[in-house]
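These protein sequence lines map, in sequence, to chains S and H.
Under my numbering, read the first sequence as residues 1 to 274, first letter to last.
Under my numbering, read the second sequence as residues 275 to 548, first letter to last.
Beta carbons: idealized from backbone N, C-alpha and C, even for Gly.
Remember, predicted model here, so these are calculated numbers, not experimental data.
Below is one structure, written out as structure tokens; the observations come after it.
Number of protein chains: 2
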Amino acid sequence: MTKHPFDHALLLTSGSSGNTFLGATSPAYWNMVGPFGGYTAALAVQAVMQHPALLGEPVALTVNFVSATNEGPFTITATPARTNRSTQHWVISLSQRNAAGEPEVAMTATVMTALRRDTWQANDMPMPVVPPISDTARDHRHGSPVWLERYDMRFVGGSIPAQFDGREAGSLTQLWMRDEPPRPLDFVSLTAMADVFYPRIWLRRAKRVAAGTVSMTTYFHASQAQLADVGTRYLLGQAQAQAFRHGFFDQTAQLWSEYGTLLATSTQLVYYKE
Amino acid sequence: MTKHPFDHALLLTSGSSGNTFLGATSPAYWNMVGPFGGYTAALAVQAVMQHPALLGEPVALTVNFVSATNEGPFTITATPARTNRSTQHWVISLSQRNAAGEPEVAMTATVMTALRRDTWQANDMPMPVVPPISDTARDHRHGSPVWLERYDMRFVGGSIPAQFDGREAGSLTQLWMRDEPPRPLDFVSLTAMADVFYPRIWLRRAKRVAAGTVSMTTYFHASQAQLADVGTRYLLGQAQAQAFRHGFFDQTAQLWSEYGTLLATSTQLVYYKE
């Protein structure tokens with residue numbers, strides 16, 4: 001059986017210490033000047049998931065994209081900063097060697113893992129009413145970055161503007177999505193999917209200004225078992241901006257299973273040039 | 275002139291290395307089993323603001339409350355992981371010595387700072403229409419934790435339930451707030467104020483279950499100059515939950531100046547017991 005491109009891209013081997021993992025970027029998830037940020041974020045989660053000292057499952061992740069990740073090998077360090085009875089806090093970094101052979105940090109992250117328990121529960125962010133998947137078509141775009149081919153995206157609102165004509169509008173995008181080819185949902189793929197939304201400023205301004213995520217935080221509301229239940233079915237994702245100022249804007253996101261279970265909520269800060 | 279209690283609580287002196295700062299918890303910002311989390315978050319920002327290598331102003335902060343901070347001295351390490359032309363990424367931790375004299379991490383954080391530039395701007399999260407400050411009264415509560423006395427809070431919606439009778443409702447709180455006594459707004463006080471909202475689950479369920487923030491992310495949309503313009507005037511704050519499941523819920527927050535400038539957006543993940 002051939003390994004899924006995402007699993008191939010996430011392949012980490014043990015490094016020089018128990019907290020060190022070695023990997024390499026994958027052309028399959030390449031964006032314009034570096035890998036797709038969702039993939040880089042997933043690497044942080046993958047390192048934690050592979051760590052022998054792991055307690056529980058991911059509940060919170062913050063990733064900082066501190067510099068473009070270059071094509072080639074990288075080292076991830078994932079250190080359990082504190083392990084409590086039912087929670088664990090991780091500090092993570094990804095580094096690459098520069099031309100002089102010195103390690104330089106390209107990503108920093110923190111992850112919280114926890115043993116999930118049954119408690120009272122409520123979903124105050126119900127899935128919006130949108131057209132069913134069967135009424136949608138996969139988005140195909142000529143000349144897009146390679147990583148977009150790794151996702152089956154079906155916009156039901158807020159698609160990438162057909163014309164970048166500077167006509168200002170809202171910033172809400174809603175879409176059905178899944179891995180292409182399909183792959184059973186887990187924490188790493190959910191992490192990546194929380195970052196599939198193109199920069200809100202392109203939609204808001206109908207203008208393609210240079211933009212890139214600088215920090216991203218995702219909370220996982222679903223257990224591993226709930227993700228396994230979703231399997232290869234589509235997720236509904238939604239993203240919307242709050243404020244644009246001084247070269248940075250934020251966008252919030254929610255991801256639901258096809259049956260309305262809120263799987264993850266996310267927020268990110270995005271740099272924009274003008 | 276007497277130092278404001280917040281400035282007194284945030285006092286950090288230089289430690290053994292250029293990245294190390296020494297401080298001590300303040301009884302003035304004490305919560306139930308540790309300091310008010312907003313104060314602990316502000317310490318991370320304060321260390322960065324005092325660091326001689328600082329580039330720019332805070333734009334993003336994530337704080338993980340990995341263990342209760344004990345009363346007494348602590349050491350903060352703030353390391354610039356990467357400095358770019360106009361942005362800088364920080365990795366921060368706060369540790370205290372345990373009974374055996376060994377350092378234990380109580381907080382981890384990442385901060386991104388940047389040089390702010392004038393760009394196109396928009397506020398897609400306008401300030402809600404609420405009663406003016408003059409129509410509100412300061413909230414006073416018998417037997418509250420000490421830190422609540424450090425804030426003048428004036429609820430205009432979603433106040434702490436008068437009766438914890440288990441009657442389920444929404445989770446939206448809106449309030450006017452400022453430091454008590456008044457103190458000119460800056461990044462550290464804004465950081466703390468993004469965490470003044472009591473756990474949404476108390477409002478949502480009208481039930482006072484054990485709850486505590488485990489991770490918090492704040493994006494600063496205002497410049498230092500804009501915060502200085504706010505001065506000692508009130509902010510309007512708003513917080514609302516998205517999902518409660520498996521012992522954790524998230525709440526999002528927005529803070530505006532009295533005149534409607536969106537100063538910060540925030541999200542946090544909160545542990546709850548049952």
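Next on the checklist: On the CB-based measure, 16 or more other CB atoms within 10 Å of its CB, does residue 27 of chain S come out buried or exposed?
Outcome noted: exposed
Item to check | Cα-Cα separation, residue 254 of chain S to residue 265 of chain S | outcome: Near 4 angstroms, if we compare the C-alpha coordinates of residue 265 of chain S and residue 254 of chain S.
Checklist entry - Should the region 428 to 442 of chain H be regarded as contacting the region 471 to 480 of chain H, the criterion being three or more beta carbon pairs within less than 8 angstroms? => result yes
Item to check | Reduced DSSP secondary structure (H/G/I, E/B, other) of residue 422 of chain H | outcome: helix
Item to check | Closest by C-alpha distance to residue 24 of chain S, when choosing among S/59, S/58 and S/76 | outcome: S/76
Item to check | Euclidean distance between Cα positions of residue 361 of chain H and residue 64 of chain S | outcome: 12 angstroms
Checklist entry - Would you call the CB atoms of residue 508 of chain H and residue 434 of chain H closer than 7 angstroms? => result no
Next on the checklist: Considering just the uninterrupted stretch of the alpha helix (DSSP H) at residue 479 of chain H, what are its terminal residues?
Outcome noted: Per DSSP, the unbroken alpha helix (DSSP H) holding residue 479 of chain H starts and ends at 474 to 479.
Checklist entry - Relative to the alpha-carbon of residue 367 of chain H, which residue among S/256, S/90 and S/94 has its alpha-carbon at the smallest distance? => result S/90
Next on the checklist: Which residues does DSSP list as the beta-bridge partners of residue 338 of chain H?
Outcome noted: According to DSSP, residue 338 of chain H bridges with H/382 and H/489.
Item to check | Which of helix, strand or coil DSSP assigns to residue 101 of chain S | outcome: coil
Item to check | As assigned by DSSP and simplified to three states, the class of residue 563 of chain H | outcome: The question about residue 563 of chain H has no answer here: the residues shown for chain H are numbered 275 through 548.
Checklist entry - From residue 54 of chain S to residue 217 of chain S, what distance separates their C-alpha atoms? => result Each residue's CA atom was taken as its position, placing residue 54 of chain S and residue 217 of chain S some 20 angstroms apart.
Checklist entry - Taking just the CA atoms, how far does residue 274 of chain S sit from residue 197 of chain S? => result A straight-line Cα-Cα distance of about 20 angstroms links residue 197 of chain S and residue 274 of chain S.
Next on the checklist: Quick check on the DSSP output: the alpha helix (DSSP H) that includes residue 324 of chain H runs from which residue to which?
Outcome noted: 311 to 324
Checklist entry - Thinking C-alpha only, which one of S/68, S/116, S/267 and S/244 is nearest residue 394 of chain H? => result For the residues S/68, S/116, S/267 and S/244, the minimum Cα distance to residue 394 of chain H belongs to S/244.
Checklist entry - Sorted by chain position, which residues of the same chain lie with C-beta nearer than 8 angstroms to residue 398 of chain H's C-beta, five sequence neighbours on each side aside? => result none
Next on the checklist: Taking 6 angstroms as the limit between beta carbons, can you name the residues of its chain near residue 532 of chain H, skipping five residues before and five after?
Outcome noted: 507 and 508
Next on the checklist: Can you tell me which residues form a DSSP beta bridge with residue 222 of chain H?
Outcome noted: Because chain H spans 275 through 548 in this model, residue 222 of chain H falls outside it and cannot be assessed.
Next on the checklist: For a cutoff of 7 angstroms on Cβ pairs, would you count residue 489 of chain H as touching chain S?
Outcome noted: yes
Checklist entry - From residue 511 of chain H to residue 402 of chain H, what does the alpha carbon distance come to, in whole angstroms? => result Going by the C-alpha atoms only, they are around 10 angstroms apart.
Next on the checklist: Using CA atoms only, rank isn't needed, just tell me which of S/263, S/173 and S/74 is closest to residue 224 of chain S.
Outcome noted: S/263
Item to check | Rounded C-alpha distance that separates residue 150 of chain S from residue 103 of chain S | outcome: Each residue's alpha carbon lies about 30 angstroms from the other.
Item to check | Residues that residue 98 of chain S contacts on chain H, provided the C-beta gap is smaller than 8 angstroms | outcome: Within chain H, no residue comes near residue 98 of chain S; the closest Cβ sits about 12 angstroms away, beyond 8 angstroms.
Next on the checklist: Considering Cα atoms alone, identify which of H/311, H/308, H/323 and H/303 is closest to residue 295 of chain H.
Outcome noted: H/323
Checklist entry - Where does the unbroken beta strand (DSSP E) through residue 535 of chain H begin, and where does it stop? => result It is not in any beta strand (DSSP E) - residue 535 of chain H carries neither H nor E in the DSSP assignment.
Next on the checklist: Quick check on the DSSP output: the beta strand (DSSP E) that includes residue 451 of chain H runs from which residue to which?
Outcome noted: It spans 447 to 453 - the beta strand (DSSP E) in which residue 451 of chain H sits, taken as one unbroken run.
Checklist entry - Which residues in the same chain as residue 155 of chain S place their Cβ atom closer than 6 angstroms to its Cβ, once the five residues preceding and following it in sequence are excluded? => result 139 and 175
Item to check | Short Cβ contact (7 angstroms threshold) for residue 356 of chain H with residue 111 of chain S | outcome: No, they are not a contact pair.
Checklist entry - Quick one, which residues of the region 390 to 403 of chain H are near chain S if we go by CB-CB under 9 angstroms, in chain order? => result Those residues of the region 390 to 403 of chain H that come within reach of chain S (Cβ to Cβ, closer than 9 angstroms) are 390, 391, 392, 393, 394, 395, 396, 397, 398 and 399.
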